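*Asks:* Dumping the structure here so I can ask a few things about it.
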Amino acid sequence: MSAESFDLPLQPEPPPKVHRIGWLDWARKNLFNSVFNGTLTMVLTAGLLLLILALLRFVFSPDRRWEVMPPNAANYVVEAYPREDLANMWLSLWIIAALAGVSTASWGMGGQVSVIKVVAAVRAIGATALVVGVLSLWSPAGGATQTVLVWGGAALFGVGVGATRLVQEERGVSVARVLAIVGALLVGLVWYMPLESGTTWPLTITALVVVAFHWVGKLVGQWLSARLMKRVITVLWVLSFPVIYLHIQRNPSLVWGEVTSWLPWAGLLIAAGPAVIWVVSRAGREQAAGVNFLLGGVSIYSWVIQWPMAIRVLFLLLTLFSLATPTFAASPRARRAFYWTWLAGGLCTLYFFLMGIGSTDLATRGHFLGGINLTILLAVGGTALSFPLGVMLALGRTSSMPIFRILSIVYIEVVRGVPLITVLFFGDKVIPRFLPPGLDFAGEAKALLAITAFSAAYLAENVRGGLQAVSKGQTEASRALGMTTAQMTMLITLPQALRVVIPALVGQAIALFKDTSLVAIIGLADFLRVARDIVPNQPDSLGSILENLLLAALVYWIFAFSFSRASLRLERRLGVGTR
Amino acid sequence: MENGAANPIIVCENVKKWFGDFQALRGVTTSVAEGEVVVVIGPSGSGKSTFIRCINRLEQHQEGRIVVAGIELTSDVRNIERIRSEVGMVFQQFNLFPHLTVMQNITLAQVWVRKRSRSDAEERAMALLERVGIPEQAAKYPGQLSGGQQQRVAIARSLAMDPKIMLFDEPTSALDPEMIKEVLEVMQELAGTGMTIVAVTHEMGFAREVANRVVLFDEGQIVEEGPPAEFFANPRHPRTKMFLSQILSH
Amino acid sequence: MANRPSLAAPTRPPLWRNATFLKWAAQIGVLFGVLALGSVLIGEATANMRAQGLSLDWDLLTDPPGIQLGEGIFIKPSTGLEAFYTGAVNMLRVALSGIVAATVVGAIVGIARLSSNWLASRLATVFVESLRNIPVLVQVVFWFFLASTLFPILEADSSGPIPGVLLVSRKGVSFAWPFPQETFWQWGAFLVVGLLTARWAYRTRMRRAEALGEDTRPGTWALLAFLAWAVLGWFAHPLAGALGWLFMLLAASVGAVPVSVYQVVLALVSLYLGWRWIHRFLESRRSPAGLAKLTDDDYFRMILAGALGAGGAAVLMLLPAATEVGTNVLQYLLEFCDQKFDFLRSGAPLAMGSPSVEVPGRFPQIAGTGLTMTPSFFGIWMGVTLYTASFIAEIVRGGILSVPKGQSEAGYALGLRRGQLLRMVILPQAFRVILPPLGNQYLNLSKNTSLGIAVAFPEMVQVGQTMFNQTGDTIQVILIWMAFYLSISLLISVLINYYNRRAQLVER
Ligand SMILES: Nc1ncnc2c1ncn2[C@@H]1O[C@H](COP(=O)(O)OP(=O)(O)OP(=O)(O)O)[C@@H](O)[C@H]1O
Ligand SMILES: [Mg+2]
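Chains as they are written, first to last, in this note's numbering: chain A, 1 to 579; chain B, 580 to 829; chain C, 830 to 1337.
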């Protein structure tokens, strides 16, 4: 089609130079382009000015006690965690920081951002500070704050404007570098703020750990293939949370006397696993079903006669593995991977029962979760645990088996029909009714269960949307290839469905994160409760409730907003949502 | 009728248009006389749609001048509204309003833009539906009609505004062959009434029989234009020859 | 025919390889497991509760609860039922006013985000992005503490920012409001007639318009008809007292019929519904070629429908108490209506009240002359309204953006203005996209009213918690909550589905 061989008379020209339009032209075009818009602009400007003035009067009122915040930093983050054991918390943070650093090396940090945008952002921040500083003349602001706002704002604005003149052409700068500068500024702030003593260094170390492990990641990345690297990091992420919450923070102590009775049996079970998998994968359909039937029977029986909990759970796990064997361990290679999965899963379970359940060496026994730490645990734990449950419910709801379908529908619709707080109360007040008198779970565990049960119903609906989006041709094709229903679901339908609904799932996780604040109502010491009840009721920060609530709002907002932005990026990269 | 010198109703002078860095129109100069039927052809992406969308300012040109019915197209809102009610447009994808019946589709703009009474508007709509041959479909929704019927409703909707000029942007290329005929007949009848028409279409039969002038676009410029007989019989420019050979080869 | 190879008779597969059998065995096994688990848990729970001196009865509904509620119809309820009734009404107050306000705010903000006015669209973006990323509970608590610590202290001579219209104080926000008087119901009857007349007028004028092809102004006619009835009713409302007789008569006749008659009628209805479902199902499987082969799933559905119909009938026949409660409630409602209508009542149906302060004891209080939002109400209402509005704004924006570009191009090509285009072409189409997620937001808002518990607003959950803190009847309270919220959810989704179906585009 190309007409290069014909010399058409007119050659393309560059577009007419857009003169940098003056701000008057800009205002005429964007603010006063019609009578209605002009009026709207004036009304909005007046309203905005009044609002900012009221805000400034609020913020700089002598009644406000913003200074109570930095000394309470540890309360916000970990609440009642014994202060002499804070090293555990720092270690947890550093593990996350290290993983974050390695991940940035492996996945990259969003590439480049245009210099012009960065400069414009600097300019906007400076202008805002300047305007606020000037407006604060009409508020009871202290001289120092005002000076900082006005001069700092003016300086930033000046730098921004100057840089705009300098940077004429579009050029990119790596996001990593911008983030590094912002991070360095934050570290500087840490040193400047009157934080609790003994926190400045560990926070600085956290920043250093991120940077150091970014380089470690880069170095290791030269030896390992990118795919393997990503896999390893993902596994480490998955493992990090149980390790942090069940081991590092709990600091468990193992009481040998309590485990000796079942430990050998557990070891035997784990060792027997590969044998079972081998037998099932080699056996014919009916023999395999027989083995599964047997295992399932023993498993149920073990709950009836109440063997030690670890044995029961391991047996259940073995049954599940055995059921999954025909689907996943068909080829020798897959079988080998399956052995390793079994060993890892079994050992993790064993570890959980050895260390995760016993008592702790912490100074306070029992209650040690609180603040942002608890909020994160509930959000991450709730998301992770509700995922398998939600997928199962979605499969149940789309299943061709009516009883499964009805059970799933009833569960999903009932849970979605009631508010989360009633589910939390159910967990808090009704679960102990089902347990023998005197026995109760920790409030945190019950809340986690309730949140999981709640979130699973919503997750199921999202996944169902994905399942319905998988075309019928896909299932027919896999049937034609002779796959079983289980293989088709696990290998064809689910992967496609989950891919489609990733953005919805991230949205669901963000909603869950915000919803964790409800545990404050049933008396857990999560971040909101610390900000609403605990800090404002301490003698030296009495009555600082509005300030604390605003802080809470800001922190929740930063988390939720950055996640939703990240999810938007992910959505664009996956190319879903665009049809 | 060379270049519509008689009584130009559309005048374009060196019209240029960019999408970002890409130049879609590289300087188009032409004019259309009152009552003239102009058919625009050209390869995909050559800027045909962009050109005729500039005529009623669905796209804004950045350089050059366009004067329609004596009104210059600038960013003056009043001019744009006046021109749009003088120029009717029919789209490839019909763009009927799916939530309104056929009757409501045709009367909507008559009532709100032409300020006609509803009864007058409906009378006019019925007359036009009869003219395009589907009076019995008035109460149906667009979703219930075939493509050809939908396009005829779209034509009736534009005609109801009593435009001086009609623009057609590939009105038949989303249609099956049989429906194409229905729509072309309506267009041909319309041309017979002395309406000024600018149509982008690849229906060479229509171009030959109905057009007063054929214009070939490529790379955002007019490569060749002329009366159909001459244009098809002995094209001057090699680009035209190649285009015609490709399009007529099957 | 003759040389067709002879096939061996088909063998039935053994039971353990029969797909249908396996499928049902697994399902029944799981169902059995679930039921067994449930019964074990319930058994355990009742045993535990008995050990603690609790039982699973419903005395809490009739016993005096010994609690006090912050606001509402019964501040000191004399039965548990009264307490829950108060909670339910409070919840509905927040939910309904919140839904209206959130819809208005959300629609404005959503449209503002698409505005060509830079400032408006920026502010709308800030509104949405800030509010929807902060937990609603934080917002609720914030507004509550804002109202109860930053608003002006109530003094004996406070008259608020707008004297006589709006009074803002730490004890609440009070504003002028037309309060229904005792004759309101009688006027209300006229309003209902007015609405029906308006609908009738609209339809007849519409039909006339279609017949004659002229503009018959149906909207104006309908409005005038309604206004006429409203004005007439304002003065002539005692005439509606005749309705009182009607309700009295109805109440008496409801009470006169023996319960067994209702039982039989309802049981027959239940059986009929089951039969009708099966009948329709079979019809849907019938084609001109005859009845399609039914799968085991089909049989299961029919058996289930039949069992539900028959089970309903059996329950109705065996448990006269259920029917009795139903007829009693009906009778009570009719008598209640009866009391609202009386020839002898007079006076305006609405009376304007304006905010004022009274000093009953040592401390000034807001008098009941205006409509007052307590700080608790203010907190929960502001919180859920603004939070939901931020989501509705996104839905509205998405809905408008979902209308194809060709639609606005066609509209512009016809010479429509921006406003006309929006009103007549874009919004009606966007509405169909907006409706289902909007319904979801209404559901969310209704459920979020339960956060009133965090600011001591006595809605269902707060009332329930106060109750079980007194009595220990957690399971009953949770069942009541479930029943309440599930009915609300059901109601909203039925309404939304109804409108959704009406709004569907007609397709080929
Ligand atoms: N909104 C737009 N943004 C960016 N580029 C555009 C836009 N609209 C058109 N273009 C580009 O301008 C060029 C001319 O497009 P135009 O639609 O006018 O072509 P056309 O001749 O009508 O082609 P076709 O026969 O395929 O309809 C194309 O290269 C197209 O990619
Ligand atoms: Mg085109």
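Using N, Cα and C, we set each Cβ at its ideal position, and we do this for glycine too. Being a predicted model, the structure only gives us computed values, none of them experimental.
#1: Is there a Cβ from chain A that is less than 8 Å from the Cβ of residue 974(C)?
#2: Which residues, in chain order, does the region 1243-1262 of chain C contribute to contact with chain A at a C-beta distance below 7 Å?
#3: Where does the unbroken alpha helix (DSSP H) through residue 1288(C) begin, and where does it stop?
#4: The region 935-954 of chain C: which residues have C-beta closer than 7 Å to a C-beta of chain A, in chain order?
#5: Along chain B, which residues have their Cβ under 7 Å away from the Cβ of residue 1235(C)?
#6: Looking at residue 900(C) and residue 1203(C), is the spacing between their C-beta atoms short of 8 Å?
#7: Pairing CB atoms from the region 241-259 of chain A with CB atoms from the region 89-98 of chain A, are three or more of them under 8 Å?
#8: According to DSSP, which residues form a beta bridge with residue 1202(C)?
#9: Report whether the distance from the Cβ of residue 627(B) to the nearest heavy atom of ligand 1 is below 7 Å.
#10: Using the beta-carbon count (16 or more within 10 Å), is residue 771(B) buried or exposed?
#11: Counting only C-beta atoms, is residue 297(A) closer than 8 Å to chain C at any point?
#12: Between the C-alpha atoms of residue 715(B) and residue 1157(C), what's the straight-line distance to the nearest angstrom?
#13: Could you work out which residues of chain A lie near residue 958(C), taking near to mean beta carbons separated by less than 7 Å?
#14: Are residue 776(B) and residue 796(B) close, meaning C-beta to C-beta below 8 Å?
#15: Expressed to the nearest angstrom, what Euclidean distance is found between the alpha-carbon atoms of residue 600(B) and residue 625(B)?
#16: Work out the CA separation of residue 494(A) and residue 486(A) for me, nearest whole Å.
#17: Where does residue 525(A) fall in DSSP's three states?
#18: Check the Cβ-Cβ distances between residue 1239(C) and every residue of chain B, and say whether any is below 8 Å.
#19: Spell out a yes or no on whether the region 456-464 of chain A and the region 386-399 of chain A are touching, meaning 3 or more CB-CB pairs, one atom from each, closer than 8 Å.
#20: Residues in the region 423-446 of chain A with C-beta within 7 Å of chain E's C-beta atoms, listed in sequence order?
#21: Do the CB positions of residue 1208(C) and residue 976(C) come within less than 8 Å of each other?
#22: Tell me whether residue 774(B) is buried or exposed, calling it buried when 16 or more other Cβ atoms sit within 10 Å of its Cβ.
#23: Along the chain, which unbroken stretches of the alpha helix (DSSP H) at least 4 residues long are found entirely within the region 600-686 of chain B?
#24: Excluding the 5 residues flanking residue 218(A) on each side, which residues of the same chain have their C-beta closer than 7 Å to its C-beta?
#25: Reducing DSSP to helix, strand and coil, say where residue 365(A) ends up.
#26: Taking 7 Å as the cut-off, is the C-beta of residue 1237(C) nearer than that to any heavy atom in ligand 1?
#27: Taking the Cβ atom as the reference point for each residue, do residue 1032(C) and residue 1050(C) lie within a distance shorter than 8 Å?
#28: When DSSP labels each residue in this structure, what does residue 560(A) get in the three-state scheme?
#29: Pull up the distance between the alpha-carbon of residue 1367(C) and that of residue 732(B), whole angstroms please.
#30: Which residues, in order along the region 453-481 of chain A, keep a beta-carbon less than 9 Å from a beta-carbon of chain C?
#31: Residue 230(A) to residue 210(A), Cα distance in whole Å?
#32: How should residue 412(A) be labelled, buried or exposed, when 16 other C-beta atoms within 10 angstroms of its C-beta is the threshold for buried?
#33: Regarding residue 749(B) and ligand 2, is the C-beta to nearest heavy atom distance less than 7 Å?
#34: Is the beta carbon of residue 606(B) within less than 7 Å of some heavy atom of ligand 1?
#35: Is the Cβ of residue 637(B) closer than 8 Å to any Cβ of chain C?
#36: Roughly how many angstroms separate the alpha carbons of residue 780(B) and residue 760(B), rounded to a whole number?
*Replies:* Walking through what the data contain:
#1: yes
#2: none
#3: No alpha helix (DSSP H) contains residue 1288(C), which DSSP labels as neither H nor E.
#4: 945, 946, 947, 948, 949 and 952
#5: 670, 672 and 674
#6: yes
#7: yes
#8: 1002(C)
#9: yes
#10: exposed
#11: no
#12: 57 Å
#13: 561
#14: no
#15: 16 Å
#16: 10 Å
#17: coil
#18: yes
#19: yes
#20: The structure shown has no chain E; the protein chains it does contain are A, B and C.
#21: yes
#22: buried
#23: 627-634 and 656-665
#24: 105
#25: Annotation note: pLDDT 49 at residue 365(A) (below 50); position unreliable, coordinate value reported separately. Coil.
#26: no
#27: no
#28: helix
#29: Absent from the model: residue 1367(C). The displayed extent of chain C is 830 to 1337, so no value can be given.
#30: none
#31: 17 Å
#32: buried
#33: yes
#34: no
#35: yes
#36: 13 Å
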